[in-house]
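As structure tokens, the structure follows; a few thoughts come after it.
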Amino acid sequence: MEEKNWAWIPGWDVHDKEEPRIVYFRREFTLQDVPETLPVRVSADSRYKLYVNGRLAELGPCKGDGSVWYYDTVDLAPYLISGINVLAAVVLRYPLEADKGSLSIFRTDTPGFYFRGEYTGEDEKTHSLSAGEGWNCIRVHSLKIVPESPSLTHLYFSEQAAGDPDLFGWEQSGYDDSTWQKAEPLGWRLLRNFDSSPNHLELRPIPSMNKFPRRFFGVKEMRRSSLQKEEWEQMLAGEATVVIPAHTREIIEIDAGELMTGFPRLLVSGGKGAQIRLLYAESYYLPKEGGKWVKGDRTDSEHGELQGVSDIYRVAGIGRRDRPEFYESFWFRTFRFIRLEIDTQEEPLSMEDFFYRETGYPLEMKTWVKTSDETMEAIWDISQRTLRRCMQETYMDCPFYEQMQYVMDSRCQILYTYAVSADDRLARKCFADFRRSQRYDGMIACSYPNTVFSAIPGFSIYYILMLHDHMMYFGDKALIHFYMPVVDAVLEYFGQRLDATGLVGRLGGILFQEEMWSFIDWTAEWDATSGMPPAGLQGPLTMESLLYVLGLERAAEMAAFVDREDTAREYCHRAEQVRQAVRQYCMGSNGMIQDGPGIEEYSQHCQVFALLTDVVSVEQGKENLLKTMKHRTGYAQCSVAMSYYLFRALEKSGLYDYTDRCWDVWREMIRDHLTTCVEEPVNQRSDCHAWGALVLYELPSAVLGVRPVKPGFAEFEVKPVPGRFTWAEGQVITPKGIVQVRWKKNGNSLDVSWRFDEQEADVIDQGGVKNVE
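For the sequence shown, the numbering used here gives the first residue as 150, with consecutive numbering after it.
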């Protein structure tokens, strides 16, 4: 039974429930000898950070929801010593109200800290470490979680922290916690609004996040300082201490060298009453006429200024050089630059050290590709970094702003992950997350985990596509069989909303103006309608019918894979009916597909998806695509978000050479000194959006040509699509092993060689392909 493993602080009242609260939990125990292993289970509502003898051991729990709450397993042995050991947990409790905490972090009616484990004591008896036995706890008022601004409460929170003499050294031995309260077992009061029993916590399905100590690259700007730059550089390198005189204001801008996700850690001594403000920024912003700020050269500190999110730490003055006072952010921060604004009072402040712990999913990249285009190397570099930063406990749209897992974004991110690592663990969690988000009518939430249900109709189709991708790469029949009811329900949602013409009827509209948001793409031409084609103001969107067709096609293949042949035939039939409706009602006299039936508005998007779904022939699709490529101002263009689909259409129509001009968007990112890929090139709100990491798929899967032909990579092809490249080489990781490919243009033909040492899959020889000796 788990009731003794869940505990909380006594006297939790109505005021505690109204704002985010921090509670410290502490437990001492004595060991005569350090065991080889001491596994424990840890969780909390809402979040925790666990320290063992002052060292960070784990943070979590892994993001779940009201149906699934995860626990983490931690081996304490590497952190233990002979003698007195201290377990210390910082627990954040968010209120139930959605706008008073991160949208992606669920919470229940009852807060709690979960700890389960046991050890052998000096008396050689087994002793429990359960949270309800022997733990002390205290409310912490010196750390507050507050919204950065009233309008962005659900996006990101700032921390206002202060050193507290009464809590100094609480995570170490020798601290007296006799005045703390005894942690109270929750029993069956816990998790009252859960669909599942608290006895059925689930083990996190993904690895622990990275927690690597990292140093900053150096000082970018000395905006205001009485010290020399070299002094700050030495401190950042961990080689010296910086002493800031009393009654002094210092403003220093620090460069991480790349966009990073991590936990900044600040160590100080002396300096009672000093205030340190840490501002985290993706880039420098440049001034524009009208008082607006824009992004250009991300490193232009001469003409620009940093803008971002801030934390504040007020120094208590209790630290010494050998035992400094420290501040480490509770939640990870996203930054490329950090501005320190330091104001001292009556005492000088010694900056003993400043570094950070890098965090993120432990992605192991095994694919590499080189090409004749030297710009691809830099694009690959910023893309792999973008993918890493957007892989945390879930896939994320961006780590700086929402930190949300969106279906459309995740479909591409998952494909990129397969292509460079063949790792599907985070993908499987993503599948499960969105399955639990499905509404009674079949609609899947556009982002999840999310304490507020929101929907973008077309995004449910991308969920079908990501399941199909997994089928092709891994061939897990049980997984596809399990998720097919979710697919069926999505398709029924669309099928029940066909209008008299056979097209998908009008489903949504502009963001915040209707129940659902019919977002398609962040293209400049649709900026005024929040990413929805303006045709949606007058009636149905052709794109939503085309997405429905694509979903039916992929679902038919999955149904056949799990031996549901009747369903497969049904889905193929339904797809053909909608194709015919699009041809009849959405094709203009020019042969192009309209954005809405009978509306003379055209976009590149409809031409792309009409070709991919065989609404138009390859010949007609090629002609339509060429119009959008040659006359860009006349058609809404696919942005970074839709580039994967544009590239597939260009490949299918024999226009892959045109992808070279598409890469100019990424080349511009390099010229602007980005270290990650932008969300979209017009407004450039976010500097890190992993749907833009397209090159991670494109080079190994298209340019080198290594792709599955049958489910599970049981049969795959080596079929390079050269485009404008004159040569390419590399190795591609697949679920079946590594494939090495090398090719070079020879006139109008390709000299291709490849090597695959495993024998678990069949390789289709494409003309002229031969094994490498």
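Every residue, glycine too, gets a C-beta built ideally from N, C-alpha and C.
Between residue i and residue j, is the Cβ-Cβ spacing less than 9 Å?
i: aspartate 460; j: arginine 482; result: yes
i: proline 598; j: isoleucine 882; result: no
i: proline 682; j: aspartate 648; result: no
i: valine 295; j: glutamate 308; result: yes
i: serine 565; j: alanine 238; result: Sequence check: residue 565 is tyrosine here, not serine. No. Outside cutoff.
i: glutamine 756; j: glutamate 750; result: no
i: leucine 427; j: aspartate 836; result: no
i: valine 191; j: glycine 209; result: yes
i: cysteine 735; j: leucine 848; result: no
i: proline 497; j: alanine 395; result: yes
i: alanine 986; j: leucine 187; result: A query on residue 986 cannot be resolved here, the shown segment of the chain reaching from 150 to 922 and no further.
i: threonine 410; j: glycine 509; result: yes
i: serine 532; j: tryptophan 815; result: yes
i: glycine 657; j: arginine 646; result: no
i: phenylalanine 779; j: glycine 803; result: As written in the sequence, residue 779 is lysine, which differs from the phenylalanine given in the question. Result no, Cβ atoms of lysine 779 and glycine 803 do not sit closer than 9 Å.
i: isoleucine 605; j: phenylalanine 661; result: no
i: glycine 644; j: alanine 684; result: no
i: isoleucine 487; j: alanine 405; result: yes
i: threonine 524; j: leucine 845; result: no
i: tyrosine 268; j: leucine 180; result: yes
i: phenylalanine 865; j: valine 888; result: yes
i: threonine 716; j: serine 752; result: no
i: valine 765; j: glycine 740; result: yes
i: isoleucine 171; j: lysine 293; result: yes
i: isoleucine 401; j: arginine 447; result: no
Please name the residue, chosen from the options, that lies closest to residue i on a Cα-to-Cα basis.
i: glutamate 431; options: Thr535, Ile158 and Tyr510; result: Thr535
i: phenylalanine 262; options: Ser277, Leu241 and Leu252; result: Leu241
i: glycine 468; options: Tyr429, Gly419 and Leu498; result: Gly419
i: glutamine 541; options: Val569, Leu512, Thr520 and Met557; result: Leu512
i: valine 217; options: Leu616, Asn832, Arg585 and Lys894; result: Arg585
i: serine 559; options: Lys776, Ala571, Glu866 and Lys578; result: Lys578
i: serine 277; options: Lys153, Phe580, Arg196 and His722; result: Lys153
i: glutamate 674; options: Pro634, Leu199, Gly783 and Lys776; result: Gly783
i: tyrosine 794; options: Ala717, His754 and Arg196; result: His754
i: leucine 489; options: Ser374, Tyr220 and Asp471; result: Ser374
i: isoleucine 491; options: Gly422, Arg398 and Asp449; result: Arg398
i: aspartate 258; options: Asp315, His822 and Tyr243; result: Tyr243
i: phenylalanine 549; options: Glu151, Glu663 and Gln833; result: Gln833
i: proline 334; options: Phe264, Leu376 and Met358; result: Phe264
i: glycine 266; options: Lys249, Phe580, Val223 and Thr543; result: Val223
i: glutamate 706; options: Leu614, Pro362 and Glu768; result: Leu614
i: aspartate 194; options: Arg256, Asp590 and Ser251; result: Arg256
i: serine 279; options: Lys331, Pro314, Leu252 and Glu273; result: Lys331
Pull up the CB-CB distance for residue i and residue j, whole angstroms please, since I reckon it's below 8 Å.
i: arginine 588; j: phenylalanine 602; result: 7 Å
i: glutamate 551; j: tryptophan 671; result: Going by Cβ atoms, the distance from glutamate 551 to tryptophan 671 rounds to 14 Å, so no, they are not a contact pair.
i: cysteine 595; j: tyrosine 555; result: 6 Å
i: lysine 519; j: alanine 842; result: That pair is no contact at about 18 Å.
i: lysine 885; j: alanine 851; result: Not confirmed; about 19 Å, so no contact.
i: valine 639; j: leucine 616; result: Contact doesn't hold; Cβ gap of about 10 Å is too wide.
i: leucine 774; j: alanine 798; result: 6 Å
i: phenylalanine 874; j: serine 499; result: Not a contact, Cβ separation roughly 55 Å.
i: valine 392; j: lysine 378; result: No, valine 392 and lysine 378 are not in contact; Cβ-Cβ is about 15 Å, not under 8 Å.
i: methionine 557; j: tyrosine 642; result: Not confirmed; about 17 Å, so no contact.
i: glutamate 320; j: arginine 414; result: That pair is no contact at about 13 Å.
i: leucine 350; j: tyrosine 220; result: 5 Å
i: serine 231; j: aspartate 182; result: 6 Å
i: valine 464; j: glycine 422; result: 7 Å
Which residues share a DSSP beta bridge with residue i?
i: cysteine 826; result: Answer by DSSP bridge pairing: none, since cysteine 826 is not bridged.
i: methionine 409; result: Phe484
i: asparagine 895; result: Ser898
i: proline 296; result: Phe306
i: arginine 469; result: Arg472
i: glycine 419; result: Leu498
i: proline 188; result: Asp224
Give a single yes or no on whether residue i has its beta carbon closer than 8 Å to a heavy atom of the ligand ZN.
i: proline 314; result: Among the components of this structure there are no ligands whatsoever, and the ligand ZN is therefore not found.
Open item on the list: Below 8 Å, how does it come out for the segment 168-181 and the segment 267-286: are there three or more Cβ pairs, yes or no?
Closed with: Using a C-beta cut-off of 8 Å, the segment 168-181 makes contact with the segment 267-286, since at least three inter-stretch Cβ pairs fall below that distance.
- [ ] May I ask you to verify whether the segment 615-635 touches the segment 852-870, counting CB pairs closer than 8 Å and requiring at least 3?
- [x] yes
TODO: Mind the definition here: the segment 494-514 touches the segment 383-398 only if three or more C-beta pairs lie below 8 Å; say whether that holds.
DONE: yes
Open item on the list: Could you check whether the segment 722-730 touches the segment 697-709, counting it as contact only if at least three pairs of C-beta atoms, one from each stretch, sit closer than 8 Å?
Closed with: Segments in contact, yes.
Open item on the list: For the structure I just gave you, are there three or more beta carbon pairs, one from the segment 890-909 and one from the segment 866-873, closer than 8 Å?
Closed with: yes
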